[in-house]
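Residue numbering for the sequence shown follows the numbering used here, beginning at 1 and increasing consecutively.
Ideal Cβ positions, reconstructed from N, Cα and C, are used throughout, including at glycine.
Reading through the structure tokens given below for one structure.
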Amino acid sequence: MEYVKPITDTEVIDMLKHELKKQSSRNYLLFVMGINTGLRISELLSVLVKDAYEENGEPKSFLSLSKQDVYLNGKVKQALEWHYENERPALEQYLFQSSRKHTAISRQQAYRVMNQAAVNARLKEKIGPHTLRKTFGYHAYKKGIALSLIQKRFFHSTPAETLRYIGINKEEVKPHLDVHL
Numbered sequence: 001m002e003y004v005k006p007i008t009d010t011e012v013i014d015m016l017k018h019e020l021k022k023q024s025s026r027n028y029l030l031f032v033m034g035i036n037t038g039l040r041i042s043e044l045l046s047v048l049v050k051d052a053y054e055e056n057g058e059p060k061s062f063l064s065l066s067k068q069d070v071y072l073n074g075k076v077k078q079a080l081e082w083h084y085e086n087e088r089p090a091l092e093q094y095l096f097q098s099s100r101k102h103t104a105i106s107r108q109q110a111y112r113v114m115n116q117a118a119v120n121a122r123l124k125e126k127i128g129p130h131t132l133r134k135t136f137g138y139h140a141y142k143k144g145i146a147l148s149l150i151q152k153r154f155f156h157s158t159p160a161e162t163l164r165y166i167g168i169n170k171e172e173v174k175p176h177l178d179v180h181l
């Protein structure tokens with residue numbers, strides 16, 4: 001698998017959503033959940049339907065994982081609702097179930113899905129599962145989420161590691177501390 005960068009342009013995000021929605025509700029949900037939670041692809045692929053939905057089919061507000069609870073925002077809930085309406089998945093199956101096996105799709109399949117959407121959208125850059133996580137971190141940082149919180153979500157050792165991972169260079173980090181007294 002190749003090195004990938006975050007998607008910094010929201011128009012590109014929308015193009016990819018459009019392409020993935022044409023493929024399937026599962027693929028669309030994988031993308032939306034990835035860019036809105038910052039979870040590793042291995043964490044996403046291990047999610048069961050019962051982890052994301054109540055017994056009545058309503059999306060949960062939080063995804064409880066072994067290391068952390070992850071908030072599911074409105075965009076993720078909409079994607080979960082659309083997926084449930086289309087697939088009616090059983091509570092015991094994987095959220096990102098393979099169409100051929102009774103297991104989750106593989107990391108390689110997730111890469112192929114994301115990369116094919118990029119090709120279909122005529123993007124020059126390769127994208128893959130890490131793109132989702134990096135995109136979450138990049139946009140969280142740009143929207144003013146504390147770097148320490150992003151670092152904690154990513155289980156990184158240092159803020160510098162997180163900045164490198166999300167593609168933020170030194171010029172973008174220069175502090176502008178002015179208290180206007």
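* Taking the CB atoms as reference points, tell me whether residue 35 and residue 136 lie closer together than 8 Å. => With a cutoff of 8 Å on beta-carbon distance, residue 35 and residue 136 are scored as near each other.
* Hey, residue 48 and residue 84 are a contact pair by Cβ (cut 8 Å); roughly how many whole angstroms apart? -> About 14 Å separates the two Cβ atoms, so there is no contact after all.
* Asked: Are there 16 or more other CB atoms within 10 angstroms of the CB of residue 97, so buried, or fewer, so exposed?
  -> Buried is the call here.
* Below 8 Å CB to CB, which residues in the same chain sit around residue 127 once its five sequence neighbours on both sides are set aside? => Scanning its chain for C-beta atoms nearer than 8 Å, with the 5 sequence neighbours on each side dropped, one finds around residue 127 the residues 4, 7, 16, 114, 115, 117 and 118, in chain order.
* Asked: Roughly how many angstroms separate the alpha carbons of residue 24 and residue 80, rounded to a whole number?
  -> Spanning the two alpha carbons is a distance of roughly 12 Å.
* Please classify residue 62: does DSSP put it in a helix, a strand, or coil? => If DSSP states are grouped into helix, strand and coil, residue 62 belongs with the strands.
* Would you please state the rounded distance, in angstroms, between the beta carbons of residue 76 and residue 32? I believe it to be under 8 Å. => That pair is a contact at about 6 Å.
* Could you give the DSSP three-state label for residue 68: helix, strand or coil? => Here residue 68 sits in coil by DSSP.
* Asked: So is residue 130 buried or exposed if we call it buried at 16+ other beta carbons inside 10 Å?
  -> Burial call: buried.
* Would you say residue 12 and residue 181 are within 8 Å of each other, going by their C-beta atoms? -> Going by C-beta atoms, residue 12 is not nearer than 8 Å to residue 181.
* Asked: Between which two residues does the alpha helix (DSSP H) harbouring residue 164 extend?
  -> From DSSP, the alpha helix (DSSP H) with residue 164 extends over 159-165.
* How big is the Cα-Cα spacing for residue 60 and residue 30? -> Each residue's CA atom was taken as its position, placing residue 60 and residue 30 some 16 Å apart.
* **Helix, strand or coil at residue 149 according to DSSP, with G and I counted as helix** => Residue 149 falls in the helix class under three-state DSSP.
* Using alpha carbons as the reference points, say which of 148, 161, 21 and 133 lies closest to residue 78. => The shortest C-alpha to C-alpha distance from residue 78 to any of 148, 161, 21 and 133 is the one to 21.
* Just the C-alpha distance for residue 99 and residue 105, rounded to the nearest angstrom, thanks. => Taking the straight line from one Cα to the other gives about 8 Å.
* Looking only at DSSP bridge pairs, what is residue 53 linked to? -> Looking at the DSSP output, residue 53 shares a beta bridge with 59.
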